[in-house]
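Remarks on the structure that follows.
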Amino acid sequence: MIVLDKVDKVFPGSTIPAVNQISFQIDEGNICVFVGPSGCGKTTILRMINRLVEPTGGEIYIKGKKVSDKEVNPDELRREIGYVIQQIGLMPHRTVEQNVALVPRLLKWPEEKISLRVKELLETVGLDAEEVSRKYPYQLSGGMMQRVGVARALAADPPIMLMDEPFGAVDPIVRGRLQDEFLRLQKALKKTICFVTHDINEAIKMGDHIVIMNKGELVQHGTPMEILCNPANYFVKDLIGTDREIKLLELTKSEELVTRTKNIPEQIIEKDSFILAIDPVQRALEIMMKKNSDLVGVRDGAEMIGTISWEDIKKHINMISGDN
Amino acid sequence: MDFEMDRFMIALLDRSPPHALEHLQLVLIPVVVAFIIAFTAAVLLTRERYVKYTDRVMTVFNIGQTIPPLAVIAVFFPFLGLGREPALFALTIYALLPIARNTLAGLKGVPGDVKDAARGMGMTEWEMLFKVEIPLSMPVVMAGIKISVVLTSGTAALGALVGGGGMGAVIFAGIDFFRAELIVAGTLIIGVIAITLDRLLTLIDDMLTPPHMKA
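Going line by line, the protein sequences match chains A and B.
Each residue of the first sequence is one higher than the one before, counting from 1 in our numbering.
Each residue of the second sequence is one higher than the one before, counting from 325 in our numbering.
What follows is the structure, given as C-alpha cells:
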C-alpha cells in the first residue's frame, strides 16, 4: 500500500540526514507505528508521505504510484490522505461543523451530503452532533478537540491516515480511552494508518507493525511480538524498558496458554477466579494475586475450557523472551 | 479671543458641512488606497518567496510615516503642484505604515499548527490565504485600519494648507481671523468624523469575527 524505497531527507543547512536510506512497506489496513526519541526522523517520514516535506532522495509509492510524480498535485494528494497532528490545528474561527466539513468542501461535495457526513462522523468519534456542531473549538475540552480532529481527518473517507502523536496532548486517562475507541473504530474502517509516537507502550498497543527509529536510521521493524521477543540491540531493549516480560503478557491471549481440561478444581469455582479466553495473560496474573492462588480458570463465554497456572506463565515467559 | 455661541452655531452648521464632506474624502480615499497597497504588500511579504524583502519594504513604509505630510507635498510639489491631488497623495503615504505593520503582524500571528493542519488537509496556497490566514488575522488588520483612519482624520486638516480643502480650511480660517468659534467647530467635526469611522469599522469587525476571536 505504502512503500518507501531508500528515502533520504537532508534539511537545508544541515549535513546530517534527518532520515537516512529508509526502506520498508506498510500493508493495506494496517496500523504502522513509528517510534523513537525526538529528532529520530519519525515525523519527517510521515510528512514526506503526504509531501509536506519533499525527500532529497529515494522514492515513496502509494498503491504503486510514485507520490513525487510530476502528474501528482500535492494538494490533491493530501485531500486523499487523512492528517491528524498533536496540536490538532482546528480552525479557531470555524465551528466544529465547518472544521469537520473542511475537506469535503474543498472537494466540492454537495452541501446535503456534507451535513449528513458531518453528523455521522461526529457520532462515530463519540460526540453528540447536536450539541457540538455549532460550537467553536475553544469551547471544547482537549479530548473532544482531538475527537473532532480525528473526525475531520476521516471526513472524505481517505484510505490512508497519517497521525502524528494524535493522543499526545491529552491526559493519560483520556488518552487510554481515545486509543481504545480508535482501535475499535479501525476494526470497522480498515484504514492504512501511519502513526507516530515516542511512547513505546502506545506503539505496542496500537501497532500491527512497529518501526523503531533512531537518529534518522531504521533500527528495527516488525510486529510488536517480534520486537518484544527479539530486540535487535541495546537501543531497542532500552526503549522497551525493564518490563518487557509484562508487556509480552499483555500481548499474549490467555487461550494461547490454557491447559484444556474439563476438571476445573472446586476452589476456582468457589472463588470465582476466572478470566476470559480473549483476555491478555496479564489478567491471569492479576487474578492470581487478588485471589492468592496459583491457578485460574479460563472461560470462553460461559463455557469453562481449562486453566492457566503460575508455572505455565513462567515457562512461557522464559521461552519467548529467550532468557532461558 | 472671545467666543460667541451664535457665531459658533453658524460655523458649525453653515460653514462646516461642505468642508466636512471634503474632509471625509481626504480620509477615506487615502485610507482605501493605502489599504490596497499595504495589504497586498504585507500578503506578498509573508509568502515564502518574498520574505527576504520584508525589512526593506517596511523601511520604506516607516520613512513614509516619519516624513511629515507637508514635507511630502514639498518634495512632490514640482510634479503634482498644489490642490487636492497632492494632499491625497501625501495622506496616502502617511496612512500606509499602520496597515502594513498590522497586516504583517496579523498574518505572522496565525498559529503554525493551524496552517500545518490546513496544508495537510490539502488546501492550496490561495485557499490557505483566503480561508485561514486572512480571516484569522482580520482582527489585527482591522486594528491597523482603525489606527490609520484616526491618524488620517487628524492629519487631513493639513490638506487645507496646500489647497486640498477639508476641515482644515475652517480651522485655519479661524486661526487667521482670530475666530475661536471656527477653530472649535472645525476640531469638533474632525473628532466626530474620526470617532464615527472608528465605530463603523468596529461594527464591520464585529460582523466578520466570531466573538471569541477579538483582538
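In this text, a Cβ means the ideal position worked out from N, Cα and C, and glycines have one as well.
Under 8 Å between C-beta atoms, does A/Arg134 make it to chain B? Within the first sequence, the letter at position 134 stands for residue 134 of chain A. No, because no Cβ of chain B sits closer than 8 Å to the Cβ of A/Arg134.
Margin query: Please classify A/Ser23 as buried or exposed, where buried requires at least 16 other C-beta atoms within 10 Å of its C-beta.
Written below: Counting from 1 along the first sequence, the entry for residue 23 of chain A is found at position 23. So A/Ser23 ends up on the exposed side.
- Can you name the start and end residues of the alpha helix (DSSP H) that B/Asn426 belongs to? The residue labelled residue 426 of chain B in the question sits at position 102 within the second sequence. Where B/Asn426 is concerned, the enclosing alpha helix (DSSP H) stretches over 408 to 432.
- Closer than 7 Å at the beta carbon, the chain B residues around A/Tyr61: As a first step, residue 61 of chain A is located in the first sequence; it is residue number 61 there, counting from the start. Those within 7 Å of A/Tyr61 in chain B number zero; the least Cβ separation is about 19 Å.
(Q) For a quick check, are the C-beta atoms of A/Ile49 and A/Leu162 less than 8 Å apart? (A) Reading the first sequence from its first residue, position 49 is the one you call residue 49 of chain A. Reading the first sequence from its first residue, position 162 is the one you call residue 162 of chain A. Taking a C-beta distance under 8 Å as the contact criterion, A/Ile49 and A/Leu162 qualify as a contact pair.
**Request:** Use the C-beta contact count for A/Thr259: other C-beta atoms within 10 angstroms, 16 or more gives buried, fewer gives exposed.
**Result:** Start at 1 with the first residue of the first sequence, and residue 259 of chain A comes out as number 259. With fewer than 16 Cβ atoms within 10 Å of its Cβ, A/Thr259 is classed as exposed.
Residue-level contact to chain A via CB, B/Glu451, 8 Å cutoff
The residue labelled residue 451 of chain B in the question sits at position 127 within the second sequence. Closer than 8 Å: yes.
| request: May I have the straight-line CA-CA distance separating B/Val486 from B/Met462, to the nearest angstrom? | output: For the purposes of this step, residue 486 of chain B is taken as residue 162 along the second sequence, with counting starting at 1. For the purposes of this step, residue 462 of chain B is taken as residue 138 along the second sequence, with counting starting at 1. Cα to Cα, the separation comes out at about 35 Å.
So, at 8 Å on beta carbons, what are the nonlocal neighbours of A/Ile200 in its own chain, with the 5 sequence-adjacent residues on each side left out?
Position 200 of the first sequence, counted from the first residue, corresponds to residue 200 of chain A. Closer than 8 Å at Cβ, skipping near neighbours: Val35, Leu239, Ile240, Gly241.
| task | Would you tell me roughly how many angstroms separate the C-alpha atoms of B/Ala362 and B/Val516, rounded to the nearest one? | result | Numbered from 1 along the second sequence, position 38 holds the residue referred to as residue 362 of chain B. Numbered from 1 along the second sequence, position 192 holds the residue referred to as residue 516 of chain B. Roughly 26 Å between the two C-alpha positions.
Next item on the list: Spatial neighbours of A/Met304 within its chain, please: CB distance less than 7 Å, with the 5 preceding and 5 following residues excluded, ordered by chain position.
Entry: Your numbering for residue 304 of chain A matches position 304 in the first sequence. The answer, listed in chain order, is Ile264, Gly297.
*Where DSSP assigns a beta bridge to A/Pro280, which residues make up the other side?*
Start at 1 with the first residue of the first sequence, and residue 280 of chain A comes out as number 280. Beta-bridge pairing links A/Pro280 to A/Lys253.
Problem set entry | Extent of the continuous beta strand (DSSP E) to which A/Tyr61 belongs | To locate residue 61 of chain A, count along the first sequence from 1; it is residue 61. Here the beta strand (DSSP E) through A/Tyr61 covers 57 to 62.
Original post:
Excluding the five sequence neighbours on either side, which residues of its own chain have a C-beta within less than 8 Å of the C-beta of B/Phe400, listed in chain order?
Top reply: Reading the second sequence from its first residue, position 76 is the one you call residue 400 of chain B. Taken in chain order, the residues that qualify are Pro410, Phe413, Ala414.
#### Entry: Any chain A beta carbon closer than 8 Å to B/Arg339
Indexing the second sequence from 1 puts residue 339 of chain B at position 15. No, B/Arg339 does not count as interfacial toward chain A.
(message) Taking only three categories from DSSP, how would you classify A/Cys326?
(response) Chain A is shown from 1 up to 324; residue 326 of chain A falls before or after that span and cannot be answered.
- Query: When the Cα of B/His536 is compared with those of A/Asn73, A/Gln267, A/Arg94, which residue comes out closest?
  - Reply: Along the second sequence, read from residue 1 onward, the residue named residue 536 of chain B stands at position 212. With distances taken between Cα atoms, B/His536 lies closest to A/Arg94.
Query raised in the report: Hey, how far is the Cα of B/Gly444 from the Cα of B/Asp379?
Result: Counting from 1 along the second sequence, the entry for residue 444 of chain B is found at position 120. Counting from 1 along the second sequence, the entry for residue 379 of chain B is found at position 55. Rounded to whole angstroms, B/Gly444 to B/Asp379 spans 30 Å at the Cα level.
**Request:** Check the Cβ of A/Val92 against every Cβ in chain B and list those closer than 9 Å, keeping chain order.
**Result:** Position 92 of the first sequence holds residue 92 of chain A. Note on residue identity: the sequence assigns Pro, not Val, to residue 92 of chain A. Simply Pro435, Val438, Leu460, Pro534, His536, Met537.
Checklist entry - Apart from the five residues just before and just after A/Val96, which ones in its own chain have a Cβ nearer than 6 Å to its Cβ? => result In the first sequence, the residue the question calls residue 96 of chain A occupies position 96. For A/Val96, where only same-chain residues beyond five positions count, the Cβ hits under 6 Å are Val132, Ser133, Lys135, Val148.
Practice task
List the whole-angstrom C-beta distance separating A/Ala156 from A/Arg244, where the pair is believed to meet the contact cut-off of C-beta under 8 Å.
Solution key: The residue you call residue 156 of chain A lines up with position 156 of the first sequence. The residue you call residue 244 of chain A lines up with position 244 of the first sequence. Not confirmed; about 40 Å, so no contact.
Q. Name the chain E residues that come within less than 7 Å of B/Val375, Cβ to Cβ?
A. Going by chain labels, chain E is absent from the structure shown, which instead holds the protein chains A and B.
Determine the DSSP secondary structure at A/Met1, reduced to helix, strand or coil. Numbered from 1 along the first sequence, position 1 holds the residue referred to as residue 1 of chain A. DSSP places A/Met1 in coil when its eight states are reduced to three.
Helix, strand or coil for B/Phe454? Go by DSSP, reduced to three states. In the second sequence, counting from the first residue as 1, residue 454 of chain B sits at position 130. Reduced to three states, the DSSP call for B/Phe454 is helix.
For a contact defined as C-beta to C-beta under 7 Å, what are the partners of B/Arg371 on chain A?
Translated into the one-based positions of the second sequence, residue 371 of chain B becomes position 47. Within chain A, no residue comes near B/Arg371; the closest Cβ sits about 16 Å away, beyond 7 Å.
Using a Cβ-Cβ cut-off of 8 Å, state whether B/Arg443 counts as contacting chain A. The sequence position of residue 443 of chain B within the second sequence is 119, counting from 1. Yes, B/Arg443 lies at the interface with chain A (some Cβ there is under 8 Å from its Cβ).
Note to self: Quick check: is the beta carbon of A/Leu122 nearer than 8 Å to any beta carbon in chain B?
What the structure shows: The residue given as residue 122 of chain A occupies position 122 in the first sequence. A/Leu122 does not count as touching chain B.
Quiz item: Using DSSP with H/G/I as helix, E/B as strand and the rest coil, what is A/Arg134?
Solution: Here residue 134 of chain A corresponds to residue number 134 of the first sequence, with the count starting at 1. In the structure shown, A/Arg134 sits in coil (DSSP, three-state: anything other than H, G, I, E or B).
Give me the subset of the region 95 to 121 of chain A whose CB atoms are less than 7 Å from a CB atom of chain B, sorted by chain position. Leu102, Val103, Leu106
Notebook entry, point to check: What does a CB cutoff of less than 7 Å around B/Thr511 pick up in its chain, not counting 5 residues either side in sequence?
Noted result: Within the second sequence, residue 511 of chain B is the residue found at index 187, counting from 1. Hits under 7 Å: Ile495.
What residues of chain B sit near A/Leu154, judged by a beta carbon separation below 7 Å? Within the first sequence, the letter at position 154 stands for residue 154 of chain A. Residues of chain B passing the Cβ test: none, with the nearest at roughly 12 Å.
| request: Going by DSSP, name the residue or residues bridged to A/Phe34. | output: Numbered from its first residue, the first sequence carries residue 34 of chain A at position 34. The partner list for A/Phe34 (beta bridge, DSSP) reads A/Val196, A/Val211.
Using a beta-carbon distance below 8 Å, is A/Asn50 in contact with chain B? The residue labelled residue 50 of chain A in the question sits at position 50 within the first sequence. Answer yes: the Cβ-Cβ gap between A/Asn50 and chain B drops below 8 Å somewhere.
Closer than 7 Å, Cβ to Cβ, to anything on chain A: give me those residues from the region 327 to 338 of chain B, in chain order.
none
Output the distance between the C-alpha atoms of A/Met145 and B/Ala358, rounded to the nearest integer angstrom. Position 145 of the first sequence, counted from the start, is the residue given in the question as residue 145 of chain A. Position 34 of the second sequence, counted from the start, is the residue given in the question as residue 358 of chain B. A/Met145 and B/Ala358: Cα-Cα distance of roughly 40 Å.
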